[in-house]
Each structure stands twice: as structure tokens, then as C-alpha cells.
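In what follows, a structure is listed as C-alpha cells, so that the remarks can point back to it.
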Amino acid sequence: KQKEALLLLLDVGPSMHSVLPEIEKVCSLLVQKKLIYNKYDEVGIVLFGTEDTDNELTSEVGGYQHVVVLKDIKVVDGDIVEALQQLPRGKNDGDSSIYPFLYALTLMLVLDAVIVAMDMLIKKFGETNKGKKRMCLITNAQYPIKESYKGTKEEQVTTIAKQMTVHGMRMESIILRGKLSQDANKGIMDENDRLLNIFSKETSTRLLYVDNPISLFGALRTRNITPVTVFRGDIEFSPKLKIKVMVYKKTSEEKFPSLKKYSDKAPPNDKHATRDVKVDYEYKSSEDPDKVVPPDRRIKGYPYGPQIVPISSAEWEAVKFKPEKGVKLLGFTESNNVLRHHYMKDVYAFLPEPGNTKAMLALSALARAMKEMNKVAILRCVWRRGQSNVIIGVLTPNLSDRENIPDSFYLNVLPFAEDVREFQFPSFTNFPASWLPNELQLEAADNLIKTLDLAPHGQQEVLLPDFTPNPVLERFYRYLELKSKDPDAAVPPLDDTLKKITEPDGDLLLQNRAVIGSFCRSFELKGNPLKKSRRLLGGKRSFSSVDVEGNITAQPANLIENASVKVEKIGDLTPVQDFEALISRRDGPDWVVKAINEMKNKIFDLVEDSHEGDNYPKALECLVVLRKGCILEQEPKQFNDFLRHLCNFCREKKLNSFCDYLASEGLALIPKTEAIDSEVTDDEARSFLVKSESKVV
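So the sequence shown is numbered by full-length UniProt numbering: it starts at 1 and just counts up by one.
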């Protein structure tokens, strides 16, 4: 692949001094990434708005004042990183009364800097390296571009842009606005925007506006990834209807650079040493540790119940599903039938085959019809021959608003049944009215959401994905650069700009302190300490620690408090606490059932092993917490059926005293007023133990 040549055109005039530290960070980071991923790329630095002048065109033809070539185009190295970390500034930090000429010249020099950069690229590469010559302009565009000696400003800019295209050059422009720039003449800025937009259109590159340091980090693409097709072929609607398309990845998670093992045995000054480490594995028999098992004697095994089933490579290859390559339509559906949380993995872009007019028209007609009818398509995709899996995805139309860009589609991968994770959570609609938020609480929540809106009306959205870098990766790249200079370098603190991505905006929180305080007061949290039975002297138990009237019919306790305790089963020492921790676990669908069943068994054991009623209080505690848990998890039938079965068990085992004890303590079935799924009325719940008691008598 051809190496890229990049020239950074940086405005360092006094009006830019306040944002130069951020520009230094993002530009040095760009070169650091090139050292990792594209170490043969070349980079140069051109500054304009400087007090000095240093470029070849000045000495050759004159003019081009206040433009400095800080670094000629060369292969990326540490010197370029250091130069970008210490960009020169004027003697004054922005006082226009002392250096007014620098302010007036800042944007007038944009075209001079562009021409100097073009001259450098032409002299360096000539007609070669087309498509790999790139310029990146960073300025605030606040001051007027100078008048042309021949023609208008628009004609001057168009001529320069056309020459860029002829020589295979591209230029993207990043314009600093908002908080990153001072107040300026809006008419001048609008004119400059129009002129810079000509570069964007003629060279098919980006013109971006940023208004905060975070957006600046995301605006400058520190790593350009060449798009590669994952599929070239037809979308097959029927055996007789096919459209030629090309499929690219639209989004893909950026991974950490792969860290490799290197050997330090080679001489440090040996430039030709690879320092690669070769790893060999030996497999030895468990019966004879000194005997090496050759590859033809090894086979993979898969657990199946208590046994291990061996499957050879040939058998595994025969078992593999080998679908036919292609993209086929399965059908259409309403867009609201496909839920957003079912989107998986990466996003793919479907584009018509370049130069194929019929494919463009057919794909555009399909996209616009689907958009008008609010439909999406369900596709079956196999990108390449020999692929072992099939993708089912939803195809969504993406209509273009530009004449030179065709309509396209986005494909999101959908899950199969095995990919969906179901979690059991109680529904708010089944809770009593006393648990539901009141009007004041709802209003406080509405106000909190409005004040912390990332996309307020009339303002640019904050933390847009296209302009928000990954702080974890950015920090790694910076630390890697420090380690390259000093092997003992300590890990630096997180950069302030990156910290704004990982933490709430402090200024925003301060401005809305009253709203946040109102929300906190509306949802006051109160502790709910667990109550334990007390063992008295002489081996007797007292149930005085349990508030029977309050606990048996009270609202369920906060069973999430013990969720951090990884309890696997209900023990003998603290069955109540174990049950609460077990039923609160959400790392699997079976914990609720397991907790309820184990608590039932524990209650049976306590009642059956009781001597003269010594276990009755503890059994009642377990029944109380089981009742609360069944209400919270919407399992009233489980508790009601169990209590009936328990009473029948006590009558059969002549443990009538336990039923009398429950009746005296006021334990009841779960009625419909406490759990909407219950089939028991209030009267039936209250009279159950009374009836049971009378039957026993």
C-alpha cells in the first residue's frame, strides 16, 4: 500500500493562543498513532500567522510572508511529536493592541499557507502518490481572505482547489468556533465559510466546525482506515431480480494495538534483528509425564454430561455448516417491529456498484419506497465462501441529501434465539399504588432530564459519536509515547479534556444544582436494617425482635442490599440473609426459583426438627421473608400453595401447635391487594389459618 503524506497547516496567530494547547495534544496524538499503525507515513508541519517567515517560495518568488515550514515532509518520528508538543507562539498571548498586524494577517494567510503546502507536496512527490497526499487546515477563520490580483476570491479559491484535484491532493478544514474563538465579524466568517466550502466540494473532503476541546479531538481523524469491502455481489430479491452492491463496515470497535513478545537477547545496535519470540508447545501424557504426545495422537474432546466425547478434525469439518455465499431478501416488515436493543455487533453500509447506473436507480427506488412506507427489509447474509455462520440482519434505508452521493442502506445484525438474554424484573404495574411515584416526583424527574439534556434546543449536541474519542485508547497512546522516551515513566493522570468524556460536566451540574437537589429530596432513601432473632439463656428463643404486625403484611424489604454477596445456597446459620442475597442475584434466570425452593425446604426442616416449638420463631422468620420475596418477584401462588401444603403437613405429622403459632402471630396468605397475580381475596387470606385451626380442633 502507498504511504500517506500529510501536511498539517496550523494557525498559530494570537487569536489562536487560547486553544493551541489542545491543538498540540491532538496533533501530537495523530503522529503517535502513525508511529504505531503507519510507521512509514510521512508528515510535515506548516505554520501561518507567525511573526517570522521561513519557506522556499518566499526566497524563490517573493511574498508568502508570516508562513513558516516548521518540519519538512519526512517519515514520522519522535522529533515531529516533540515539535507538535511545543508549537511556537507570538511574543504576546493575544493582545491585539501590541501586534495588530498579526490579527489582520491571520486568515489572509490561509491561501498563502495552502499554496506553500501544495508546493512542498509537488516538489516531494511530483505526479506520484496520488490520492495519498493530504492537507489538514486548523484555524478559526475569523479574518478576511485577501483580495486576488486577478478575478474574485471565489475564482481564486476554485483555481487552487482544481489544482489540488489535478495533483491528487485533498484538504480537510477544521474551523474552531463557539467557546474556542473570540467574537468576530459574522459577515467575514460567513464569507470565509463559503470560500473554505469550495475546497471541501472540489476535493471531496470534510469541512468541520468544532466548539469545544472534545470535538476537536474527534474532528481530526488521527487514524485513517482504508475502507475494504466485506461483500461484492448481488442482493437477491428473487431468482430474476438482483441488484449489484458493495458492502462495507460502517462501524467497527477499535481495539488496543496488539502487544507482542520481543526478545532482548539480540544486540541493541543490530538494526536487522527481528527480536521475535517463537513459542513451542509440548503435550505430555498424564500417565507418563516424560512422554511427548505427537499431533497424530491428540484429539479434541467436548463435555457431554459426565463423559467427554472425542471429535476428530475431519469429523468437526464435516459437521460444520457451510452455507452458500450471497445476500438474499427474506421479506419486509414495519420498522417499529424491529427493536433497537436487538441490534448486534457492527453496522454495514450497502452501496450500489460504482459506475452501475441501473444499480444506483434500482437501489434508490427501493430505499425511497421503503422510507415512504416506513418499512425495513430482513436479509440473510453470507459474506464469503466457506463462512461457517449465517447473519440475519435488518436493512434500513439511508437517503442522501447530496447530488453526488447515491442513496444507500445500513444493515444491523439481529440476534437468534440463543443470543437473546432475558432478565426477570418485576413490573411496576403490579406494585401497590403506594410504591408508585407521585406527581411531584415525576415532575422532579422531568426537570432533571431537561436540564441535563445533551442536545438542548438550538444548540449543538454534546458528545456526538463522530467527534468523541475513546478516552481509554487515547490515554494508552500517550503513555506509550512517554514510555518510548523513558522506560521508567509513571502512568500520568487522565487528561482534563478526556476527563470531560468520562465524568459529568462540572459547570452543567453547578448551574443546575437546585434541580438536582430537588430531585434528591423527592426520592429520600431510608435504611432498612435486617432484624435477627435473639437466643436467650437456657436454650429458649424469644421472638420479641420481630415486629409481627409490621413485618408479616408490610411492603417487601429492599432485597437488593445483599446482591453483592455471592451466596450460592441457603445455610443453617443465617437463612434469612442467605435467601435475600440469593433472590437478589441477577446473573442468571434460575436464582429466584432456587431461592424459593431452598427456603421451602429449610422451613420444612425447621418445623420437623423442632422440639417443643423451639424452632417455631425461626421458621416464622423464614416464612415472613419468603412471603416478601414472593410478593416482590410476583410469585404469590408459590407462597400460597406452600403455606397450604405446610399446614397439611403439620396436621399429618401432628404438629398442630405450629399452625396455632402462625395463627396467633397473624401470618396470612398473599391476597390480590398485595400481589395482582394472586387469586386469593382479602377475606380468604385472613380466614385461612383460622379455618385450618378449626379443622385441626
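Every residue gets a Cβ at the ideal spot worked out from N, C-alpha and C, and that includes glycine.
Environment of residue i [buried if 16+ CB atoms lie within 10 Å]
i    : result
L366 : buried
F579 : buried
P465 : exposed
Q638 : buried
V19  : buried
Y477 : buried
Y302 : exposed
T497 : buried
V245 : buried
H66  : buried
Q634 : buried
I405 : exposed
Q441 : exposed
K600 : buried
E22  : buried
L559 : Any reading at L559 must be qualified, since the residue scores a pLDDT of 40, below 50, and its modelled position is unreliable; the value itself is stated next. When all chains shown are included, L559 counts as buried.
R627 : buried
Y64  : buried
K320 : exposed
Sub-8 Å separation of residue i and residue j beta-carbons
i    : j    : result
A445 : F519 : yes
V653 : E608 : Per the sequence presented here, residue 653 reads as Lys, with Val not at that position. In this structure, E608 lies closer than 8 Å to K653 by Cβ.
I73  : M120 : yes
L411 : F332 : no
E202 : T158 : yes
A663 : R686 : no
K371 : L399 : yes
R170 : T139 : no
L509 : I501 : no
G326 : V382 : yes
S678 : N640 : yes
V420 : V394 : no
I670 : P636 : yes
Residue i to residue j span [Cα, whole Å]
i           : j    : result
N269        : L29  : 28 Å
I36         : F425 : 46 Å
V247        : M135 : 28 Å
residue 719 : V46  : The displayed coordinates of the chain run from 1 to 697. Any statement about residue 719 would go beyond what the structure contains.
P354        : M360 : 8 Å
F642        : G629 : 13 Å
L6          : I115 : 15 Å
T251        : I188 : 37 Å
E474        : S200 : 28 Å
G613        : A619 : 10 Å
V593        : A581 : 13 Å
V75         : L480 : 19 Å
D407        : L111 : 35 Å
L494        : F217 : 15 Å
H342        : Q387 : 23 Å
L10         : K499 : 25 Å
Q86         : K278 : 41 Å
I80         : I583 : 59 Å
V61         : D276 : 52 Å
T58         : K123 : 15 Å
D590        : L8   : 59 Å
residue 708 : G588 : An answer regarding residue 708 cannot be provided, because it is not within the stretch 1 to 697 covered by the chain.
E324        : R384 : 8 Å
V565        : E621 : Low confidence applies here, because V565 scores a pLDDT of 45, under 50, leaving its location unreliable and the question unanswered by this model.
I311        : D290 : 26 Å
V567        : E418 : 27 Å
K602        : D505 : 51 Å
Residues near residue i by beta carbon distance below 6 Å, same chain, minus five either side
i    : result
N512 : T451
A362 : I243
G94  : Because G94 carries a pLDDT of 34, less than 50, the predicted location of this residue cannot be relied on, and no value is offered for it.
Contacting residues, own chain, Cβ-Cβ under 8 Å from residue i (five flanking each side not counted)
i    : result
K485 : G78
E461 : L454 and A455
I392 : L330, I378, L379, R380, C381, V413, L414 and F416
Cutoff 7 Å; reference residue i; Cβ partners in own chain excluding five residues on either side
i    : result
K242 : D234, I235 and E236
R298 : Y283
R89  : V12, H17 and L20
A219 : I174, L208, V210 and F467
Distance cut-off 7 Å: residue i Cβ against heavy atoms of the ligand MG
i    : result
C381 : This structure lacks the ligand MG; in fact it carries no ligand of any kind.
Enumerate, from N- to C-terminal direction, the unbroken alpha helix (DSSP H) stretches of 4 or more residues contained entirely within the region 560-645. 575-583, 591-608 and 616-632
Report the start-end ranges of each beta strand (DSSP E) in the region 361-440 that is 3 residues or longer and not cut off at the edges. 375-382, 391-398 and 408-413
Beta strand (DSSP E) runs wholly inside the region 318-351, at least 3 long, in chain order: 326-334
Ignoring anything shorter than 3 residues, give me the beta strand (DSSP E) runs that lie fully in the region 165-204, in order along the chain. Correct list: 169-176.
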